[in-house]
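> What follows is a structure written as structure tokens; I'll ask about it next.
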Amino acid sequence: MAFVDDDLEMYMQLNGIVNMEIVNFIDDNEPRRILKQEDPFVELSDRKFIGTYRLSKQLVEELIDTLTPYMNSPMTSSGITIKRKVLTALRFFASGSYQQDIGEHRGAALSQPSVSRCITEVAEALNNPIILNKYIHFPSTIEQLNIIRQGFYNKFGIPGVIGVIDGTHVAIVPPNTADDVYPEHIYVNRKGYHSINTQLICDSDLMILNVCAKFPGSTHDSHIWRLSPVEGPMKHLHAIGQTSYFLLGDSGYPLRQWLLTPLYQPQPNTPEANYNKWFCRTRSIIERCNGVLKMRFRCLLKHRVLHYSPEKAAIIINSCTILHNISISNKIPIIRNIEDSTDIDLGNIDNDPEVEQIVNRINPELTAGKRMQQTIIDLYFK
153 MAFVDDDLEM YMQLNGIVNM EIVNFIDDNE PRRILKQEDP FVELSDRKFI GTYRLSKQLV
213 EELIDTLTPY MNSPMTSSGI TIKRKVLTAL RFFASGSYQQ DIGEHRGAAL SQPSVSRCIT
273 EVAEALNNPI ILNKYIHFPS TIEQLNIIRQ GFYNKFGIPG VIGVIDGTHV AIVPPNTADD
333 VYPEHIYVNR KGYHSINTQL ICDSDLMILN VCAKFPGSTH DSHIWRLSPV EGPMKHLHAI
393 GQTSYFLLGD SGYPLRQWLL TPLYQPQPNT PEANYNKWFC RTRSIIERCN GVLKMRFRCL
453 LKHRVLHYSP EKAAIIINSC TILHNISISN KIPIIRNIED STDIDLGNID NDPEVEQIVN
513 RINPELTAGK RMQQTIIDLY FK
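Counting in the working numbering, the sequence shown tops out at residue 534, every number present.
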């Protein structure tokens with residue numbers, strides 16, 4: 153299955169990643185010969201550069217300038233420059249290839265331990281709160297909320313939506329079993345592999361407004377939401393009378409005034425069924441966002457598996473969401489890759505009535521949520 157996104161102006165299809173091998177063999181007995189390191193800014197065309205690093209040359213240069221104050225400059229002339237560190241990390245984020253493969257490309261020409269250190273340093277710089285909050289931020293003013301709400305209204309026709317929420321799994325290697333807080337088995341998700349359950353909230357343009365990548369794969373979406381830094385502001389918004397803003401989430405989330413969910417199996421050809429159709433169509437935005445994120449940064453794909461501790465995997469995930477937003481805001485095209493697109497976790501769709509009962513136990517907030525849901529149905533679907 154290939155992802156086609158008109159909003160992203162996907163006008164090119166790059167077939168594979170440019171071959172940049174630095175090792176030649178004349179025969180099986182000849183030792184490796186390291187060729188001169190090349191500068192991808194010079195050697196690669198604009199198209200191939202985007203195919204390899206996912207950003208344009210100009211954007212990578214701007215990224216290097218942004219990260220430089222938060223990274224270590226080389227102590228000697230033979231040290232690894234910040235430019236090489238950033239290119240090495242971008243290459244890994246984009247391809248998800250094993251580090252030995254990354255280090256054997258002319259643009260990197262580094263040993264595997266050096267590559268690993270580059271990835272960690274760049275990811276840590278991207279996770280500096282100043283940088284992270286610059287590129288990933290939930291709207292904090294009425295003006296910002298109204299801009300996002302208008303975007304959803306223009307595309308889906310119902311006022312009030314300011315984001316769509318879901319969890320998506322990012323595969324990791326089995327972590328250290330000695331962790332008392334989150335032992336190894338806690339990371340096994342219900343699909344049977346070790347993962348980080350990552351909460352994402354996006355707007356109608358696929359821009360990520362919130363990311364939370366710190367919970368093991370077995371953690372339920374509703375639990376992550378309850379501990380999310382977004383739920384508090386949403387509750388406060390409604391508490392002060394700003395009740396015309398809400399998120400959309402699947403039935404694994406608790407129904408609230410500020411978080412609407414679908415109805416369970418409504419009768420066909422009813423206002424409730426029409427509400428569900430609209431809901432599913434609007435909610436599909438988060439699935440597209442997950443798909444674009446993982447197609448662009450393949451280190452997040454299930455079969456690529458991040459070979460890092462959960463803590464390091466989390467900062468890599470955060471880094472990719474930052475780079476995703478930079479790409480979206482600059483309309484950088486993505487590569488269509490049929491093989492990889494069949495292995496994308498588009499999110500955790502919960503349509504289990506037992507799950508819905510658990511997260512929607514009767515309480516005043518649920519009652520208020522049902523009133524909001526019914527108001528939407530009465531106003532727009534009857």
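No residue lacks a Cβ here, since even glycine has one placed at the ideal position from N, Cα and C.
The structure presented is a predicted model; accordingly, all values stated were derived computationally and were not measured.
Below 8 Å on the Cβ atoms is my contact criterion, and I expect P275 with R450 to pass it. Report the Cβ-Cβ distance as a whole number of Å.
On the sequence shown, residue 275 is found 123 positions in, with the first residue counted as 1. On the sequence shown, residue 450 is found 298 positions in, with the first residue counted as 1. Here residue 275 is Ala; the residue named in the question, Pro, does not match the sequence. With 8 Å as the limit, A275 and R450 do not qualify as a contact, their Cβ atoms being about 16 Å apart.
> Less than 8 Å between the C-beta atoms of A365 and I437, yes or no?
The sequence position of residue 365 within the sequence shown is 213, counting from 1. The sequence position of residue 437 within the sequence shown is 285, counting from 1. Taking the C-beta atoms as reference points, I437 is found no nearer than 8 Å to A365.
> For Q296, which three-state DSSP category applies?
For this step, residue 296 is matched to residue 144 along the sequence shown. Helix at Q296.
> According to DSSP, is T434 part of a helix, a strand, or is it coil?
Counting from one through the sequence shown, the residue named residue 434 turns up at place 282. In this structure, T434 counts as helix in the three-state DSSP scheme.
> Leaving out five residues on either side along the sequence, give the residues of the same chain with a beta carbon under 6 Å from the beta carbon of S471.
Mapped onto the sequence shown, residue 471 falls at position 319. If we look at S471 and ignore the five residues flanking it on each side, its Cβ neighbours are A275 and L278.
> If I'm right that A323 touches K446 with Cβ under 8 Å, what's the distance once you round it to whole angstroms?
Reading the sequence shown from its first residue, position 171 is the one you call residue 323. Reading the sequence shown from its first residue, position 294 is the one you call residue 446. No, A323 and K446 are not in contact; Cβ-Cβ is about 11 Å, not under 8 Å.
> Are there 16 or more other CB atoms within 10 angstroms of the CB of S597, so buried, or fewer, so exposed?
Residue 597 lies beyond the stretch modelled for the chain, which goes from 153 to 534, so this question has no answer here.
> Are the Cβ atoms of G404 and H372 separated by less than 8 Å?
Taking the first residue of the sequence shown as 1, we reach residue 404 at position 252. Taking the first residue of the sequence shown as 1, we reach residue 372 at position 220. Result yes, Cβ atoms of G404 and H372 sit closer than 8 Å.
> Grab me the residues of N181's own chain with a C-beta within less than 6 Å of its C-beta, minus the 5 sequence neighbours each way, in chain order.
Residue numbering aside, residue 181 sits at position 29 when the sequence shown is read from its first letter. Residue confidence for N181 is low, a pLDDT of 38 falling below 50, so the modelled location carries little weight; the figure read from the coordinates is stated next. If we look at N181 and ignore the five residues flanking it on each side, it has no Cβ neighbours.
> In whole angstroms, what is the alpha-carbon distance linking I392 and P406?
In the sequence shown, residue 392 corresponds to position 240, counting from 1. In the sequence shown, residue 406 corresponds to position 254, counting from 1. One C-alpha to the other measures close to 21 Å.
> Which residues share a DSSP beta bridge with R408?
Along the sequence shown, one-based indexing puts residue 408 at 256. In DSSP, R408 forms a bridge with L411.
> Identify which residue in R408, G401 and L400 has its Cα closest to the Cα of K387.
Residue 387 sits at position 235 when you count from the first residue of the sequence shown. Comparing Cα positions, the closest option is R408.
> Hey, out of Q394, G231, Q264 and F290, whose CA is closest to D355's CA?
The residue given as residue 355 occupies position 203 in the sequence shown. Answer by Cα proximity: F290.
> Taking C-beta to C-beta, are P418 and N428 nearer than 8 Å?
For the purposes of this step, residue 418 is identified with residue 266 of the sequence shown, where counting begins at 1. For the purposes of this step, residue 428 is identified with residue 276 of the sequence shown, where counting begins at 1. Result yes, Cβ atoms of P418 and N428 sit closer than 8 Å.
> Using the beta-carbon count (16 or more within 10 Å), is N477 buried or exposed?
Locating residue 477 in the sequence shown gives position 325, counting from the first residue. Buried.
> So what does DSSP say about G303, is it helix, strand or coil?
Numbered from its first residue, the sequence shown carries residue 303 at position 151. Correct three-state label for G303: helix.
> Using only CA atoms, which one of N349, Q302 and L379 lies nearest to G369?
Residue numbering aside, residue 369 sits at position 217 when the sequence shown is read from its first letter. N349 is the residue among N349, Q302 and L379 whose C-alpha sits nearest the C-alpha of G369.
> Count the other C-beta atoms from every protein chain shown that fall within 10 angstroms of the C-beta of V194, then say buried if there are 16 or more, exposed otherwise.
As a first step, residue 194 must be located in the sequence shown, where it is residue number 42. V194 comes out exposed.
> Looking only at its own chain, which residues have a Cβ that is under 7 Å from the Cβ of K132, when we skip the five neighbours before and after it?
One cannot answer for residue 132 here, as it falls past the ends of the chain, which runs 153 to 534.
> Report the residue ranges of all alpha helix (DSSP H) runs contained in full by the stretch 373 to 400; include only those spanning at least 4 residues, in chain order.
Within the stretch 373 to 400, the complete alpha helix (DSSP H) runs of at least 4 residues are 373 to 378 and 383 to 391.
> Per DSSP, T350 is paired with what?
Within the sequence shown, numbered from 1, the residue matching residue 350 stands at position 198. DSSP lists T320 as partners of T350.
> Taking 8 Å as the threshold (C-beta atoms), are R236 and I484 in contact?
The residue given as residue 484 occupies position 332 in the sequence shown. The residue given as residue 236 occupies position 84 in the sequence shown. Result no, Cβ atoms of I484 and R236 do not sit closer than 8 Å.
> Counting C-beta neighbours from all protein chains within 10 Å, is the total for S347 16 or more, i.e. buried, or is it exposed?
Along the sequence shown, one-based indexing puts residue 347 at 195. Buried, since its Cβ has 16 or more Cβ neighbours within 10 Å.
> If you run the structure through DSSP and keep just helix, strand and coil, what is V274?
What you label residue 274 is simply residue 122 of the sequence shown in a count that begins at 1. Helix at V274.
> Grab the span of the beta strand (DSSP E) containing I360 for me, first residue to last.
Here residue 360 refers to the residue found at position 208 of the sequence shown. Looking at the DSSP string, the run of the beta strand (DSSP E) that includes I360 is I360 to P368.
> Identify, in the order they occur along the chain, each residue of the same chain with its Cβ nearer than 6 Å to the Cβ of Y222, setting aside the five sequence neighbours on each side.
Counting from one through the sequence shown, the residue named residue 222 turns up at place 70. Taken in chain order, the residues that qualify are A277 and N280.
> Only counting the same chain, and skipping five residues up and downstream in sequence, which positions put a Cβ closer than 6 Å to that of I338?
Along the sequence shown, one-based indexing puts residue 338 at 186. So the qualifying residues of the chain are P368 and S370.
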